[in-house]
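Under full-length UniProt numbering, the first residue of the sequence shown is numbered 1, with each subsequent residue one higher. Cβ coordinates follow ideal geometry from the N, Cα and C atoms, glycine included. Working notes for the structure below.
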Amino acid sequence: MKVSAKVTFLYIERPPHGFRYTGSVWPRIHYLGNVDTSCRLIFEDGVEAFDGDTVELAMGFLDDTIHEARIYNGMPFELFVMDIKIAEGQILNIEK
């Protein structure tokens with residue numbers, strides 16, 4: 001399954017260094033009130049995001065079957081790392 005999404009990374013209190021999201025990141029995805037599983041954010045080559053940036057990227061899952069029946073185009077979701085909300089997003093396209 002191929003999923004594309006628009007993700008806005010939130011401003012997070014952190015030391016003053018240039019933290020960035022790039023390459024491949026594995027946060028937890030929360031949606032529909034009860035889905036809480038890991039997902040992979042896949043950035044195109046040369047694309048990176050800092051706090052406050054909005055980017056379009058691909059998403060992957062370890063087990064697509066959990067998500068195939070639940071996600072839909074336009075669905076909002078939240079991303080977390082260690083119970084810290086790092087981003088909010090919206091599913092743009094799904095190819096099964």
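query                                                                                           : result
Presumed contact (8 Å Cβ cut-off) between isoleucine 78 and histidine 30, rounded CB distance   : For clarity, residue 78 is glutamate in the given sequence; the question names isoleucine instead. Rounded, the Cβ-Cβ distance is 5 Å, consistent with contact.
Endpoints, the beta strand (DSSP E) within which glutamate 78 is located                        : 76-81
Simplified DSSP state of isoleucine 84, which is helix, strand or coil                          : strand
Sequence ranges, beta strand (DSSP E) only - wholly within the segment 45-78, length at least 3 : 54-60
Three-state secondary structure (DSSP) of leucine 32                                            : coil
Nearest-angstrom Cα separation, counted from asparagine 93 out to leucine 10                    : 22 Å
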